[in-house]
């Protein structure tokens, strides 16, 4: 019986840490498509996705060589990749011109914004989190599920319930 993939990853990482270059290459070949795909979904372009995936594996290489065994190599790499991608997105957003887009909706009046922020603040933390991921970072439920370690359907339901709860709070 073949061990689960995450166990194989751990075996390869341990071998790599002891100097087995072929194990490191095998681990990178195995994980690269998933990490690159995750990065591409978050940043939305090939150049930044390649950059984030490459930096993820550079950090993985340093982490493996540093010593203590990684408990779940795949989860560690995905977390690092997501954080790098979110940093890249924030950096790109800061670089955008301050002028609103032509088809941008009119900003909410200050009173409505305050009501909305207060209502969001009153929601349970999980609801606030999925709303932020979806509306502020423009992530799809599938991506939110990956980040939070949920099933796709669970993330969809959570987002639906969060929107419904917010709507209930702001609707007179």
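Numbering (this note's numbering), first residue to last: 931 to 1102. Here a beta-carbon is modelled for each residue, glycine too, at the ideal position from N, C-alpha and C. Small disclaimer: the values here were computed from a predicted structure and weren't measured.
Please work out which residues of its chain come closer than 7 angstroms, Cβ to Cβ, to residue i, disregarding the five sequence neighbours upstream and downstream, and give them in chain order.
i, result
"residue 979", "966, 969, 970, 973"
"residue 1052", "1099"
"residue 1071", "1082, 1085, 1086, 1089"
"residue 982", "969, 973, 1011, 1014, 1015, 1018"
"residue 1049", "1096, 1099, 1100"
"residue 940", "1003"
Which same chain residues end up closer than 8 angstroms to residue i when comparing Cβ atoms and leaving out the 5 residues on each side of it in sequence?
i, result
"residue 995", "947"
"residue 1007", "961, 965, 986, 987, 990"
"residue 1031", "Residue placement at residue 1031 is flagged as unreliable, the pLDDT there being 49, under the threshold of 50; a coordinate-derived value is accordingly withheld."
Are there 16 or more other CB atoms within 10 angstroms of the CB of residue i, so buried, or fewer, so exposed?
i, result
"residue 1012", "buried"
"residue 988", "exposed"
"residue 908", "What the structure shows of the chain is the stretch from 931 to 1102, and residue 908 is not part of that stretch, so it cannot be assessed."
"residue 1083", "exposed"
"residue 1044", "exposed"
"residue 976", "exposed"
"residue 943", "buried"
"residue 1023", "exposed"
"residue 1079", "exposed"
Tell me, to the nearest whole angstrom, how far the beta carbon of residue i is from that of residue j; I am working on the premise that it is less than 8 angstroms.
i, j, result
"residue 1074", "residue 1063", "5 angstroms"
Beta-carbon within less than 6 angstroms of residue i's beta-carbon, same chain only, minus the 5 sequence neighbours each way: which residues are those?
i, result
"residue 1092", "1057, 1060, 1061"
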